[in-house]
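Engineer: Numbering (my numbering), first residue to last: 478 to 882.
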Amino acid sequence: MSTGDPARAKTMAAATESVPPGRWTLARWAIASSTLGFPQAAGPVAFALVAVALTGDASGGAAMILAMTLAQVAGAIPLTRLGRRFAMAAFLRLLVIARTVALVAIAASAASGVSLAWLIALAAAAGLVNGAAYGYLRAVLNRIAPAAGLSRALGISATLNELTYVAAPVVASGLGSISPVLGIVAMALVGALPALLVPNLGPATAAPPEAAPRRGAGSILRPAILLWLLCAAAGGATVAAIEIGAVALALKFGYEPALAILFTVPLCIASVAGGVWVSVRNRRATRGVVVAQLLVMSAGAALAASGLSVATTLAGAILIGLVLAPLATHYSLALDALAPPHRRPEVFALLRTANACGVILASALLTAVSLSTALSAITAAMVFATVAAGIASAKRREPVPPSRE
């Protein structure tokens, strides 16, 4: 390629420039990553309280969450592709602002007493950007962290995300007990923080025109990428089955519904421990270790599905939690290596979408069939993903991300 055009060379150099890594920059990214998911974590409680206040029935809150999740799946790829030729940080801020406006509209509408149908539509509008926003935020990390530090940054992010999913429902419940609208306002305010915290990449934008895909751009859904999306979806369904089915599990063993925390809190604590382990270790897991971790999650799912006792179900939840962060970190690193650089936001958006599809699957099964049947079906899906990963790992070696140092 000719380098005789200084202006062109300067443009391409700027487009591939990374922000010099620094602790404060990475800390801002980690906080942005954890607060980005706050609305989704607080939504089930906050929306349910709003629905009860309007209609006397909490099922309207579930409908709002379903609308938000389905919209996320629908909007992930179109919105990610829309932002290709914009600066990543700037487009991410725009997505977060759009979601904040939708959440504020929900709060204002709920205060005005509008019909539930309007709230469901606004929840869908708020969820539309979630997948794309995650994709761009994860892609930003590649610009601010050295290759050797990605595992640690992702481990810290996974730990903070688990803390968010523990704290957000508590905040939504506490504020919602004062006024249901306050819970929605908290979702909007905390969920807006990534727009303020995301590091400014300066001239580093999306891929330059020379590197952007041309007319014949191929599909990114290659078998190697589909494998990890499948594993993410199965893992998302497994975790969601415990979290969503916690009340049903408590009732099954003769406890009060409030004691659903017997299963959700240990899962979250184990997940935080797994995230800390990933951060301290700061190394990408080998293929054998990843398959072993998938086996542990499958075993945890099987224990929970067995229904033998509270102890076995609790042990299953802990096993699932322990490998949740390590596996999520591996999926992110594996897709980072497999995706073309200019399409990483799209692939990371697909990763979040796969997880959302797992949550939808778990919700649908828990709604349509008995608890034991739903847990057994999800266990089968997890085992299938584990077998697929084992076979693929025996056949080929994944590429290692190139060093940017």
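Where is the CB? At the ideal position from N, CA and C, for every residue including glycine.
Less than 6 angstroms between C-beta atoms, sequence neighbours within five positions excluded: which residues of the same chain meet that for ARG829?
Structural biologist: For ARG829, where only same-chain residues beyond five positions count, the Cβ hits under 6 angstroms are GLY608, TYR611.
Engineer: Quick one, which of ALA518, LEU526, ILE574, THR850 has its alpha-carbon nearest SER656's?
Structural biologist: Cα-wise, what sits closest to SER656 is LEU526.
Engineer: Unbroken beta strand (DSSP E) runs of length 3 or more, entirely within the region 540 to 570: which are they?
Structural biologist: Counting whole runs of 3 or more residues, the region 540 to 570 contains no beta strand (DSSP E) stretch at all.
Engineer: Excluding the 5 residues preceding and the 5 following GLN862 in the sequence, name in chain order all residues of the same chain whose CB lies nearer than 6 angstroms to its CB.
Structural biologist: The sequence shown places Ala at residue 862, not Gln. These residues qualify, in order along the chain: LEU707, CYS708, ALA711.
Engineer: May I ask you to report which of helix, strand or coil DSSP gives ARG534?
Structural biologist: In the sequence under discussion, the amino acid at residue 534 is Asp, which differs from the Arg named in the question. Three-state DSSP puts ASP534 in coil, outside helix and strand.
Engineer: Out of ALA564, ALA826, SER748, point me to the one whose CA is closest to ASN638's CA.
Structural biologist: Out of ALA564, ALA826, SER748, SER748 has the C-alpha closest to the C-alpha of ASN638.
Engineer: Using a Cβ-Cβ cut-off of 6 angstroms (strictly less than) and excluding sequence neighbours within five positions of ALA553, which residues of its own chain qualify?
Structural biologist: Within the same chain, ALA553 has close Cβ partners GLY608, ALA609, ALA826, THR830.
Engineer: Are the beta-carbon atoms of GLY632 and SER756 separated by less than 8 angstroms?
Structural biologist: Yes, the pair counts as a contact, with Cβ atoms nearer than the cut-off.
Engineer: Of the choices ARG821, ALA866, SER847, MET859, whose alpha-carbon is the least far from that of ARG558?
Structural biologist: Out of ARG821, ALA866, SER847, MET859, ARG821 has the C-alpha closest to the C-alpha of ARG558.
Engineer: What does a CB cutoff of less than 7 angstroms around LEU615 pick up in its chain, not counting 5 residues either side in sequence?
Structural biologist: The residue you asked about is not Leu; residue 615 is Arg in the sequence shown. Contacts found: SER809, PHE825.
Engineer: Quick one, which of SER853, ILE738, ALA602, PRO521 has its alpha-carbon nearest VAL787's?
Structural biologist: Minimum Cα distance to VAL787 is reached at ILE738.
Engineer: Which class does PHE730 belong to by DSSP, given the choice of helix, strand or coil?
Structural biologist: If DSSP states are grouped into helix, strand and coil, PHE730 belongs with coil.
Engineer: Is there contact here, the region 659 to 673 with the region 794 to 807, by at least three beta-carbon pairs under 8 angstroms?
Structural biologist: No contact exists between the region 659 to 673 and the region 794 to 807.
Engineer: Note down the Cα distance separating PRO676 from ALA857, rounded to an integer number of angstroms.
Structural biologist: The straight-line gap from Cα to Cα measures roughly 41 angstroms.
Engineer: Is the CB-CB distance between ALA833 and LEU842 below 8 angstroms?
Structural biologist: Going by C-beta atoms, ALA833 is not nearer than 8 angstroms to LEU842.
Engineer: Between VAL800, SER589, VAL768, which has its C-alpha nearest LEU704's C-alpha?
Structural biologist: Minimum Cα distance to LEU704 is reached at VAL768.
Engineer: Enumerate in chain order the residues of its own chain whose CB-to-CB distance from VAL617 is below 8 angstroms, with the five nearest sequence positions on each side excluded.
Structural biologist: Hits under 8 angstroms: TRP506, MET565, ALA566, LEU569, VAL675, PRO676, LEU678.
Engineer: Do MET886 and PHE524 have their CB atoms nearer than 8 angstroms?
Structural biologist: The structure shown does not extend to residue 886, since the chain spans only 478 to 882, so no value can be given for it.
Engineer: Should PRO818 go down as buried or exposed, given a rule of 16 or more other Cβ atoms within 10 Å for buried?
Structural biologist: By the neighbour-count rule (16 or more Cβ atoms within 10 Å), PRO818 is not buried but exposed.
Engineer: Could you say which of VAL753, ALA851, LEU815, VAL662 lies nearest to GLY959 if we only look at CA atoms?
Structural biologist: There is no way to answer for residue 959, as the model of the chain reaches only from 478 to 882.
Engineer: Mark ALA884 as exposed unless 16 or more other C-beta atoms lie within 10 angstroms of its C-beta, in which case mark it buried.
Structural biologist: Outside the displayed range of the chain (478 to 882) lies residue 884, so it cannot be described from this structure.
Engineer: Given that a residue counts as buried once 16 or more other Cβ atoms are within 10 Å of its Cβ, and exposed if not, what is GLY533?
Structural biologist: Answer is exposed; the Cβ neighbour count stays below 16.
Engineer: To which residues of the same chain is ALA644 closer than 7 angstroms at the C-beta, ignoring the five residues directly before and after it?
Structural biologist: Contacts found: none.
Engineer: Could you tell me which of ARG576, ARG500, PRO555 sits nearest to PHE474, measuring between CA atoms?
Structural biologist: The first residue shown for the chain is 478 and the last is 882, placing residue 474 beyond what the model contains.
Engineer: What first and last residue would you give for the alpha helix (DSSP H) that runs through THR850?
Structural biologist: Run containing THR850: 848 to 872, per the alpha helix (DSSP H) assignment.
Engineer: Which whole-angstrom value is the C-beta distance of ALA544 and ALA535, which I expect to be below 8 angstroms?
Structural biologist: Contact flag wrong, Cβ pair sits at about 15 angstroms.
Engineer: Less than 6 angstroms between C-beta atoms, sequence neighbours within five positions excluded: which residues of the same chain meet that for SER650?
Structural biologist: Closer than 6 angstroms at Cβ, skipping near neighbours: VAL522.
Engineer: Please name the residue in LYS729, SER586, THR715, ILE697 whose C-alpha comes closest to that of LEU659.
Structural biologist: Of LYS729, SER586, THR715, ILE697, the residue nearest in Cα terms is SER586.
Engineer: Can you give me the start and stop residues for the alpha helix (DSSP H) that THR763 sits inside?
Structural biologist: No alpha helix (DSSP H) holds THR763; DSSP gives it neither H nor E.
Engineer: Compute the Euclidean distance between the alpha carbons of LEU736 and PRO743, then round it to the nearest angstrom.
Structural biologist: Between LEU736 and PRO743, the C-alpha separation is close to 12 angstroms.
Engineer: Going along the chain, which residues of its own chain have a beta-carbon closer than 6 angstroms to the beta-carbon of GLY784, five neighbours each way excluded?
Structural biologist: For GLY784, where only same-chain residues beyond five positions count, the Cβ hits under 6 angstroms are SER849.
Engineer: I need the boundaries of the alpha helix (DSSP H) containing PRO822, first residue and last residue.
Structural biologist: Note, PRO822: alpha helix (DSSP H), 821 to 845.
Engineer: Could you give the distance in angstroms between the alpha-carbon of ALA816 and the alpha-carbon of ALA504?
Structural biologist: Looking at the two C-alpha atoms, the distance is approximately 25 angstroms.
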